[in-house]
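Residue numbers (the working numbering), protein chains in the order written: chain A, 1 to 763; chain B, 1001 to 1288. Note that the Cβ used here is the ideal one computed from N, Cα and C, for glycine as well. Model, not experiment: these values are computed from the prediction.
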Amino acid sequence: MPEKQHPANDHPPVDVVGRSLPRCDAADKALGNTKYAEDYFLPGMLYGKVLRSEHAAAKILSIDTRNAEKLSGVRAVMTAKDVPHNETITRFGQTHTVGGFEGLYRILADKKVRFMGEGVALVAADTPAIAEEAARLIRVDYQPLPGVFDPFEALKRGAHRVGEESSNLVCYYKVRQGDITEGFAASDVIVKNTYRVPFQEHAYIEPEAGLAWIDDDGVINIQVCTQVIEHYREIADVLGLSYNKVRVKGTWIGGGFGGKEDITVETYLALLTWKTKRPVKMAYSREESIICHGKRHPYIMTYKTGATREGKLMALEAKLVSDAGAYVYLSPWVLLYSTVGAAGPYKIPHVKIDARTVLTNNTFSSAFRGFGVPQVCFAYESQMDELAERLHLSPLELRRRNYLRKGEATATGYVLEHYAASPEAAEKALEALGEKTKSKSPAVKIGRGIGSSMTSYGRMVFLHDTSRSYVGMELDGSVTVRCGVQDLGGGQASSLAQIAAEILGVSMADTRVFIADTALTPIAGTTTATRQLYMSGNATSMAAKEVRKNLLDKAGEILGAEPGDLDLRDGIISVMNDPSRSVPLNTVVRACASSGISLFHIAQFNAPARELVDFKKGQGQVFPDFTFGTHAAEVAVDVETGKIDVLKLAACFDVGKAINPQAVEGQLEGGTIQGMGYALLEDVILDKGITLTPSFSEYLIPTSLDAVDVRCILIESGDGIGPFGAKGVGEPSLVSAAPALANAVRDAIGAGIPDLPLTRNAS
Amino acid sequence: MTQMEYAKPRSFKELDGIFESAKGPLRFIAGGTNVVPDLRAGTISPRLLVDLSGLKEMAYIREVKGEIAIGALSTISDILASRVICDKAPLLFQAARHLGSPLTRNRATIGGNLADASPAADTAPSLLAMGAMVHTRRRRGKERTIPLDRFFLGPNKTILAKDEIITRITFAKPKDPSRGRYLKLGLRNAMTISVASLAVSLEPEGSSFGGARIGLGAVAPTPVRAYLVEKKLASGAMDPKNIEACAQLITKEISPISDIRASADYRKRVVAVLFQRAIQAAVNGGTP
Ligand SMILES: Cc1cc2nc3c(=O)[nH]c(=O)nc-3n(C[C@H](O)[C@H](O)[C@H](O)COP(=O)(O)OP(=O)(O)OC[C@H]3O[C@@H](n4cnc5c(N)ncnc54)[C@H](O)[C@@H]3O)c2cc1C
């Protein structure tokens, strides 16, 4: 493995990188040619269906499947007892073993159900209608249990136990920095509030779907829309098969946002195809999707922040409690992100944070774009605006006096090694709003707000994250990239093409990327944690550079020049100072081939690896690096009806280097609008664990008439640790949108609202 | 598996034939924007689905002798495209614009909107405010005419018999079309179910409100007329004091519920606001 783990800027971009080229997947998507997971069919395939619990908490007394089995066209009915390993203790998504993050992964409910929508039985049948009817014919005898639906209730002694453990507390993390008693004593102004944020649903365009079959070699193949093809190991564990007997092939995805990070249909499909020996397809309905997959965690957050008269932050005390729902899944990790991010992009000498996540009988919570950071960002940014008001400082000025800069330490004692763009980003975002809109009516108040954030990209450093990529040059001079990335629609595949094309001096059109196949593409890790451009971009860049080196060496021989003096672009290798001396790339490729010089390379990129932090003091490095940025918003609030109209939105982020500026803007716009939905509308409402908002008629997301053009400003500091100095922007783009809007509403009406969404009838 | 039969009559005669031979519960379907989701959700499970969309004689919008008639099969998009509605009954036009999305409006019919009897049905307040009549037909050509304010019985309940269809909706051409205002408050700007909606139609006589009519949506078990307010408006002067007093009264005339969209209290408050804004706009012209 190469020594250097941060491919530096030794190749300043010239032709391809940095341009808004059409993404390699764009034309087919625009024309409707792209196939998504539900679009695949195989001859003789069956349709799978999950019978789900209607209770949030109940004992299963008995399950009678006889009537379902008797129905003509039914090929398999399975319950927990038919699953070879129905329970595994999973270190969700870990390749490097660290303690404290294990969770129970139970395929089908056994003896008890913990949440409404939990899978209880599986059916495979000749048609979807028969499968549905069969599911209806399964008789489950439940004995309802009281359940517990509020994390504080769940923490009480004697509370209903959601799982089998003695307590509902999943984990408890702390940060201790300085001495808050001293910090508050030195503060002239102290602001204290309790904030509440709701469950949020991913609401991707494409509900979960997949198709599975057993191939000629006896390997179980699963073609599925997933953010993590690497779940093949967990699926194999469930079936008791070796890891090379399960293959997962990812499809193009119609949105993931974290909702396809956990296993969805894969294990069910594997079980049904394994049982029936026939291809099986499964696709969730929208309602099923909303009811059964993990949500963004609701948090209750008590924040106490102190500052001096001069506007210097002195102390922060935060207590966070999150609702993990009925199973652990990724809750410990999400909580860790919140804990580390709880103080925001600010320098605060005295910090005390206590964070807990708790099981309840609600729908489980798990990954969602931002991963625990949007919640705390709403709290700390609301605190900032209240402090600013009390200190008679503008929100921007108060922030300017406290933003962390490069070389300064965060609340967890990590000294920022790279450019921290907060001041610049905040000024530019606010400026982008332009002149303030004038109200046309006394009932309508105009307000403005900003929200700043610091969001990690790349996974936690104690996970020792890796990614691999293959880059090869074909004999005709075209380029092939093989990389196990999952493309969620964010341009993950296309960016790799752009990087390889740049380094190998060919056009995007001559570059082909094969993605997301555990059998054929090098494993590249999850498309989560804003890590793919950083991780797989680096791996691809490393591999492409090896190929480039071999090409230039050979060309040097042919041209009688030093390889270092050569330039490779547009399919021609020439001497930099004397372009008349050149040789076509094709000639060099053939020369390499006939002299046995390899024209492919598989590179592995290793993220910086650190030891696990201690959760009693929370000091140390948790993330490889951060993306800094600010959202700004202008709203009109009708004070007689409470209606909030968003007039303007701006997002300014330091993206390091925009590999494809248009794709980056796409991320910023999408993230900002999704954050706007979180601020103003979105709310999964549960009543004693029963989802009251199971469709898009109750669960409201913004429509095109609610959205505004997002003014995107890209700062390119070049100081990221991704390829060409890039940072990550997928998640950061959402994080601070909600507080910017909340602060704009505060500015308009002269009072802060501590709960999301900012509903007008909080009565 | 439960089987559902489907029939698509091309004439009233064929429809009568279907009634004669039908066994078990039947359900009409026009645009299907309510029926199809309900079927999928399993909240209805008719034995026979009778598709009315083949009864082409029920798709028209016309003005005859001062009366506007809208065939029950007219879609919301038809209403928006109609010169007659746009010029002579803009109050209905305003309401139609707020219903669903372009996709929904292309399928949704006015007959279906009324027959579904949602308290939040968008066309109802305007039609109430214009004093609309619902014309129906039962088997063997039995017809009746029902004033719209007696048509709704409760959420998703109407006065229609099982074998009775709406054929058309009529109302007298408003004397001054510019005096109608429809205001809808939803949780977002499109594709939204009303939290409260209100239509006013004024026919000022000198300095008095005269024939003011007010239709309300989403603030009672059915769309309703605000009769007490209408009376009070008409009995007083056309001044802010009277409007203010009526705004107070309107909150007493309604019986909203609290649901996941809004609280009853909120609905009461905003109806008063919508009322004042709509009246002012109707009196002074301009958009509220
Ligand atoms: C995405 C979406 C958004 C929507 N948004 C709105 C909205 O903003 N505002 C709103 O008011 N509604 C809305 N709706 C509801 C619906 O579109 C309307 O109620 C529509 O007008 C129903 O008309 P339809 O022709 O589709 O009715 P159908 O679904 O075909 O029928 C509805 C009911 O009326 C009965 N029926 C239909 N025609 C007749 C007839 N001629 N005689 C007797 N009974 C009849 C049917 O038996 C059924 O009970 C929305 C629906 C969807 C799916």
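Exposed or buried, what is residue i when buried is set at 16 or more other beta-carbons lying within 10 Å of its beta-carbon?
i, result
"residue 1004 of chain B", "exposed"
"residue 85 of chain A", "exposed"
"residue 1036 of chain B", "exposed"
"residue 586 of chain A", "exposed"
"residue 365 of chain A", "buried"
"residue 263 of chain A", "buried"
"residue 721 of chain A", "buried"
"residue 57 of chain A", "buried"
"residue 8 of chain A", "At residue 8 of chain A, the pLDDT of 44 sits below 50, so the modelled position is not reliable and the matter cannot be decided from this model."
"residue 339 of chain A", "buried"
"residue 669 of chain A", "buried"
"residue 808 of chain A", "Beyond the ends of chain A as shown, which are 1 and 763, falls residue 808 of chain A; an answer cannot be given."
"residue 1064 of chain B", "exposed"
"residue 762 of chain A", "Its pLDDT being 47, under 50, residue 762 of chain A is placed unreliably in this model, and the coordinates cannot settle the point."
"residue 465 of chain A", "buried"
"residue 1277 of chain B", "buried"
"residue 1042 of chain B", "exposed"
"residue 415 of chain A", "exposed"
"residue 716 of chain A", "buried"
"residue 706 of chain A", "buried"
"residue 775 of chain A", "This structure gives no information on residue 775 of chain A, because the portion of chain A shown stretches from 1 to 763."
"residue 243 of chain A", "exposed"
Do residue i and residue j have their C-beta atoms closer together than 8 Å?
i, j, result
"residue 773 of chain A", "residue 521 of chain A", "Missing from the structure shown is residue 773 of chain A; chain A here goes from 1 to 763 and no further."
"residue 236 of chain A", "residue 246 of chain A", "yes"
"residue 297 of chain A", "residue 324 of chain A", "yes"
"residue 1353 of chain B", "residue 1007 of chain B", "Because chain B spans 1001 through 1288 in this model, residue 1353 of chain B falls outside it and cannot be assessed."
"residue 77 of chain A", "residue 121 of chain A", "yes"
"residue 1085 of chain B", "residue 1132 of chain B", "no"
"residue 371 of chain A", "residue 258 of chain A", "yes"
"residue 1046 of chain B", "residue 1026 of chain B", "yes"
"residue 702 of chain A", "residue 1105 of chain B", "no"
Output the distance between the C-alpha atoms of residue i and residue j, rounded to the nearest integer angstrom.
i, j, result
"residue 190 of chain A", "residue 310 of chain A", "13 Å"
"residue 430 of chain A", "residue 650 of chain A", "7 Å"
"residue 104 of chain A", "residue 1199 of chain B", "56 Å"
"residue 1130 of chain B", "residue 250 of chain A", "57 Å"
"residue 600 of chain A", "residue 400 of chain A", "49 Å"
"residue 112 of chain A", "residue 531 of chain A", "37 Å"
"residue 1239 of chain B", "residue 1214 of chain B", "17 Å"
"residue 1253 of chain B", "residue 1118 of chain B", "19 Å"
"residue 480 of chain A", "residue 470 of chain A", "8 Å"
"residue 308 of chain A", "residue 636 of chain A", "32 Å"
"residue 1262 of chain B", "residue 20 of chain A", "44 Å"
"residue 153 of chain A", "residue 326 of chain A", "14 Å"
"residue 1159 of chain B", "residue 653 of chain A", "60 Å"
"residue 1227 of chain B", "residue 1128 of chain B", "11 Å"
"residue 552 of chain A", "residue 498 of chain A", "20 Å"
"residue 24 of chain A", "residue 143 of chain A", "54 Å"
Taking 8 Å as the CB-CB cut-off, is residue i touching chain D?
i, result
"residue 698 of chain A", "Checking the listed chains, one finds no chain D in this structure; the protein chains it contains are A and B."
Residues of the region 1242–1271 of chain B with a CB closer than 7 Å to any CB of chain A: list them in chain order, please.
-> Correct list: 1260, 1262, 1263, 1265, 1266, 1270.
Do three or more CB pairs link the region 437–455 of chain A to the region 740–749 of chain A at distances below 8 Å?
-> Yes, the region 437–455 of chain A touches the region 740–749 of chain A.
Interfacial residues, the region 679–690 of chain A to chain B, with Cβ spacing under 7 Å = So the list reads 681, 685, given in the order they occur along the chain.
Residues in the region 635–656 of chain A with C-beta within 9 Å of chain B's C-beta atoms, listed in sequence order?
-> Those residues of the region 635–656 of chain A that come within reach of chain B (Cβ to Cβ, closer than 9 Å) are 638, 640, 641, 642, 643, 645.
Select from the region 1008–1037 of chain B all residues with a C-beta closer than 9 Å to any C-beta belonging to chain A, and list them in chain order.
-> Cβ contacts with chain A: 1037.
The region 224–245 of chain A: positions lying closer than 7 Å to chain B by Cβ | Hits within the stretch: zero.
Specify whether the region 282–296 of chain A and the region 56–73 of chain A touch according to this definition: at least 3 beta carbon pairs, one from each stretch, less than 8 Å apart.
-> By the Cβ test, the region 282–296 of chain A is not in contact with the region 56–73 of chain A, since fewer than three Cβ pairs between them sit closer than 8 Å.
Check whether the region 747–755 of chain A touches the region 665–683 of chain A, counting contact only when three or more Cβ pairs, one atom from each stretch, lie closer than 8 Å.
-> No, the region 747–755 of chain A does not touch the region 665–683 of chain A.
Could you tell me whether the region 600–616 of chain A touches the region 705–715 of chain A, using the rule of 3 or more Cβ pairs below 8 Å?
-> With the rule of 3 Cβ pairs closer than 8 Å, the region 600–616 of chain A does not count as touching the region 705–715 of chain A.
Near-chain B residues of the region 693–725 of chain A (beta-carbon distance less than 9 Å), N- to C-terminal order = From the region 693–725 of chain A, only 693, 695, 696, 697, 698, 700, 701, 702, 703, 704, 705, 706 have a Cβ closer than 9 Å to chain B.
Should the region 621–636 of chain A be regarded as contacting the region 1175–1193 of chain B, the criterion being three or more beta carbon pairs within less than 8 Å?
-> They do not touch, by the three-pair rule.
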